[in-house]
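**Q** Take this structure first; my questions come after.
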Amino acid sequence: HLRGTGMAMCLYRGGPGQPSKIVIRLFPDRVEIITGILDVGQGIYTVLIQFAAEIFRCDPESITIQAGDSSSTPESPLTAGSTATFSTGLALQEAATKLKEQLLELSRELIDIQSKDLDLRNFSIFSKIDPRQTISIDQMFSHLNIPFLETTVTSKPSSTTHIVNSFAAHFAQLDIDVRTGSIKLMRYVAVHDSGTIINHNMAVNQVEGGVNQMLGLALQEEVILDPKTGMTLNASFLEHKSFLLNDYQQVETEFVQTRDPVGPFGAKALGEPPSVPVLAVIANAIYDATGIRFTKVPITRENLLTKLTQIDKYEPV
């Protein structure tokens with residue numbers, strides 16, 4: 038057997054690629070977010086709810102999202118390019134902050150206190166100087182004879198916000214059976230700087246998913262075509278085997294907690310960055326173990342075994 042360790046680093050340019058428009062409505066006992074952004078599994082709806090709950094200081098269960106309906110929701114960017122949290126998150130942060138400021142200013146008609154000395158919690162406005170002075174949003178809206186407050190904000194990329202860099206460093210340790218060419222992943226460590234991590238569980242899942250997907254591309258996912266007919270010979274998951282969780286040890290994920298000055302609550306991109314360094318990490322680990330430099334993927338056991346047979350001498354670990 039041969040053992041090898043590899044590492045690779047990446048820089049990923051994220052930021053809001055397209056304008057994102059969002060509408061927020063504040064009711065006496067709930068918040069409604071209206072957006073055209075789509076959640077394709079990465080958890081953008083959860084993130085937007087977390088942002089709103091943080092600003093309005095209310096239970097996330099009291100926040101609803103109306104999304105992805107072109108007949109009733111505003112224009113939003115594609116859920117792609119690692120921009121959803123950044124672009125739509127910025128719009129929500131600005132809209133919610135603006136709406137909260139508007140609410141506190143209106144409340145001065147009922148509470149004779151400057152808005153800078155007022156705050157909001159659980160749909161009630163209170164004095165930061167004397168918390169006993171309080172009024173519910175329900176009471177306030179009844180007095181003003183309004184059903185809700187609403188604000189609309191569009192985040193637009195500019196020369197200062199369009200490019201925001203995320204960083205990552207990945208490490209892998211492999212065990213190679215020189216008799217069969219099989220490669221076993223012994224350990225994988227992924228370290229990311231994606232600004233403030235908004236939801237740790239979802240962020241870890243994002244890293245694990247990106248690494249797993251690219252491990253398949255690195256080691257075994259190959260489209261095999263019939264040279265005569267051009268037909269795909271492994272067109273199902275039975276023949277085209279993806280990398281499974283039991284094929285490797287748990288990915289060890291670490292986050293370098295930084296706070297981006299532009300991103301919503303300091304967040305940066307984490308959609309695609311986990312997939313970027315993986316191919317180089319695996320190729321470097323194989324090179325460290327065997328001295329063979331692969332520049333094409335997948336590095337299947339057949340390809341590796343062919344290269345190993347060309348080596349006259351190697352020292353098993």
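First residue of the sequence shown? That's 38 in the numbering used here, and the numbers climb one at a time after it. All C-beta atoms in this analysis are idealised placements derived from N, C-alpha and C, irrespective of residue type, glycine included.
Hey, would you say Ala322 sits closer than 8 Å to Phe331, going by beta carbons?
**A** Result no, Cβ atoms of Ala322 and Phe331 do not sit closer than 8 Å.
**Q** Could you work out which residue in Asp297, Met177 and Gly126 is closest to Leu147 when comparing CA atoms only?
**A** Met177
**Q** May I have a chain-ordered list of the alpha helix (DSSP H) segments no shorter than 4 residues that lie completely inside the region 132-192?
**A** Entirely contained in the region 132-192, the alpha helix (DSSP H) runs reaching 4 residues are, in chain order, 174-181.
**Q** Look at the Cβ atom of Pro65, then the Cβ atom of Ile174, and state whether they are nearer than 8 Å.
**A** yes
**Q** Can you tell me the Cα-Cα spacing of Arg145 and Gln87, whole angstroms?
**A** 28 Å
**Q** May I have the straight-line CA-CA distance separating Tyr324 from Phe208, to the nearest angstrom?
**A** 14 Å
**Q** With DSSP as the reference, label Asp361 as helix, strand or coil.
**A** Since the first residue of the chain shown is 38 and the last is 354, residue 361 is not available in this structure.
**Q** Can you check DSSP and say which residues form a bridge with Glu69?
**A** Answer is Arg62 and Thr101.
**Q** Given a cut-off of 8 Å, decide if Ile59 and Leu129 are closer than it, judged by their beta-carbon atoms.
**A** yes
**Q** Taking all protein chains shown into account, decide if Gly126 is buried (16 or more other Cβ within 10 angstroms of its Cβ) or exposed.
**A** buried
**Q** Name the one or two DSSP bridge partners that Ile213 has.
**A** Leu39 and Ile220
**Q** Between the Cα of Ala89 and those of Leu75, Asn159 and Gln294, spot the shortest distance and give me the residue it belongs to.
**A** Asn159
**Q** How long is the line joining the alpha carbons of Gly232 and Val248, rounded to whole angstroms?
**A** 19 Å
**Q** Between Gln243 and Val299, what straight-line distance do the alpha-carbon atoms span, to the nearest angstrom?
**A** 22 Å
**Q** Which residue wins for smallest C-alpha separation from Ala240, given the options Glu309, Ala132, Asp154 and Thr42?
**A** Residue nearest to Ala240 within the set Glu309, Ala132, Asp154 and Thr42 is Glu309 (criterion: CA-CA distance).
**Q** Going by C-alpha distance, which of Gln103, Leu155, Val84 and Ser179 is nearest Asp123?
**A** A quick correction: the sequence has Phe, not Asp, at residue 123. The shortest C-alpha separation from Phe123 is found at Val84.
**Q** Give the straight-line distance between the Cα atoms of Ile100 and Thr120, rounded to the nearest whole angstrom.
**A** 23 Å
**Q** Going straight from the alpha carbon of Asp156 to that of Glu91, what length do you get?
**A** Between Asp156 and Glu91, the C-alpha separation is close to 13 Å.
**Q** Determine the DSSP secondary structure at Arg330, reduced to helix, strand or coil.
**A** In this structure, Arg330 counts as coil in the three-state DSSP scheme.
**Q** Using 8 Å as the threshold, is the region 283-302 in touch with the region 336-348, meaning 3 or more CB pairs across them?
**A** no
**Q** Just to confirm, are Ala205 and Val228 a CB contact at a threshold of 8 Å?
**A** Yes, the pair counts as a contact, with Cβ atoms nearer than the cut-off.
**Q** Throw me the rounded Cβ distance for the Glu149 and Ile166 pair, which I believe falls under 8 Å.
**A** The sequence as given places Asp at residue 149; Glu does not occur at that position. So it is not a contact: roughly 12 Å between Cβ atoms.
**Q** Count the other CB atoms within 10 Å of the CB of Asp106; is the residue buried (16 or more) or exposed (fewer)?
**A** Per the 10 Å Cβ criterion, exposed.
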